[in-house]
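Numbering (my numbering), first residue to last: 25 to 407. Data block below; observations after.
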Ligand SMILES: *Cc1c(COP(=O)(O)O)cnc(C)c1O
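Below, the structure is given as C-alpha cells:
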C-alpha cells in the first residue's frame, strides 16, 4: 500500500487504523516520468480503478495469504472470477472436465455459454475416480470441482483428483466457496487454482457481491489483464466491506460449524424429519474424508428433509419467522433455502430425483447465534 510509505501530508505522523475506502475511479499523477515508472512496474501507484485500486489489492493480498497462494485477483462476483479464469486459460477447441454437481450458474456457464466459443465440456461424477480418470484420458485443459457440493454436501477428494489431473497435464481448479480456507486450503492439497465467491461466507454479512481467483503460480497477471479488459473489476466499497467481514471469518466459521454439528444431531431426533445431511454425521458418505481434509469442523451448511414435502416446507417457513427463507448462504444469521425450487429449479427432474433433491428438502445456512435460539426457532417450524 503506497500510503504506508508516504502518509498523506494532512494526516501528519498518524495513520488511520481502519483502512480508508478509495472510491476514486481515476488517479492524478505528477508528470509523464511518474506515469512511465508506474506503467513499467518500477514504482507503486494507481492510474485507473478498472485496472487496479488499493482496496482490491489490499484484499487480494489477504486472501492469497489465507489460501496459501502466490497471488490473488479480485473480481466483481464469484461468477466473474470463474469467467475470468476460463477466458484467461481457454481457447477455441479446448476441452474441460467438470463435476456434474456444481453450483447452478456455473453449470449454466459451462453448459450453455462456453460451447458457443468452441469449448467442449464433459461432465463427470467427481466422486468416482475411475470416471474422472477415463474422462481425462482425452486431452483436457481444466478439471473443475467444488470442495463441498450443494446441496448434498459431498466432499471432493482433492488429493486424488489433483493427481489424476496432473498425470494428464491438466490444471486442477477448485471452487472453495462452501468450505472457505478456514476448513481447507485446496492449494495445500494439490489444486493449481482456487476460485471463491466472497458473496457467501467470506463476506459473511449478505452485503457484498465479490469473487476472487487465487493461484500458486504466475496466473495473476493474466487474470488481472482479463479483469481489466473484460471489465470484471471489483468495486472499492465491496472490497472494503469484505475486508471487514474477513476479520471475523475464522470466528464465524468455527461458531457456525459448531452450531451446525449440534443442530444436525438434534434435527435427526425430531418428528417429521426424514433425514439430515451433514458431513459431520457418521452416516454421511464422506464423513471420514471430511474428517481428514477439514480443519476443525464440517462447515456451516446442512440439509434436512421433511416428511410431507412442499406443504411441510411452506408451513416451516411461515412458522419459523426468524429463519428467513433467503436463497443464499453464509450470513451471521441462520437462513434457509429450498434447493428444488431455487438453486436446482431448472435441473432435469430425473437428475434431481437421482441426486435426492426432493420437495421436502430444506437447506439450512447455520449462523452464529446462540444454538438454543436456533433450536427454538426450528422447533416452531417443525410443530
Ligand atoms: C454463489 C456461488 C458462486 C457464484 O458467486 P457469486 O458471487 O454469486 O457470483 C459460485 N460458486 C459457488 C459454489 C457458489 O455458492
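Idealized CB from N, CA, C, for every residue including glycine.
- The beta carbons of residue 333 and residue 396 sit about 29 Å from each other, so the pair does not count as a contact at 8 Å.
- Every alpha helix (DSSP H) stretch that sits fully inside the segment 167-201 and reaches 4 residues is listed by chain position as 182-191.
- By the CB criterion at 8 Å, residue 198 and residue 171 fall inside the cutoff.
- For residue 96, the enclosing beta strand (DSSP E) stretches over residues 95-99.
- In this structure, ligand 1 has a non-hydrogen atom nearer than 7 Å to the beta-carbon of residue 129.
- Comparing alpha-carbon positions, the option among 329, 169 and 351 lying closest to residue 361 turns out to be 351.
- Straight-line spacing of the CA atoms in residue 376 and residue 354 works out to 24 Å.
- Residue 327 has 301 and 387 as its beta-bridge partners, per DSSP.
- The segment 267-276 and the segment 223-237 touch, with three or more beta-carbon pairs separated by less than 8 Å.
- The DSSP assignment places complete beta strand (DSSP E) segments of no fewer than 3 residues inside the segment 331-381 at 359-361, in order along the chain.
- Counting of Cβ neighbours within 10 angstroms places residue 79 among the buried residues, the total reaching 16 or more.
- Comparing C-alpha distances from residue 359 to each of 232, 249 and 284 shows the shortest one belongs to 284.
- Judged by their CB atoms, residue 160 and residue 189 are nearer to each other than the 8 Å cut-off.
- A residue is called buried once 16 or more other Cβ atoms fall within 10 Å of its Cβ, and residue 66, having fewer, is exposed.
- Cβ-Cβ distances below 7 Å link residue 77 to 46, 70 and 260 in the same chain, with the five nearest sequence neighbours on each side left out; the list follows chain order.
- Residue 120 sits in a strand when the DSSP states are folded into three classes.
- In this model, residue 369 and residue 99 are separated by some 27 Å (Cα to Cα).
- By the CB criterion at 8 Å, residue 387 and residue 325 fall inside the cutoff.
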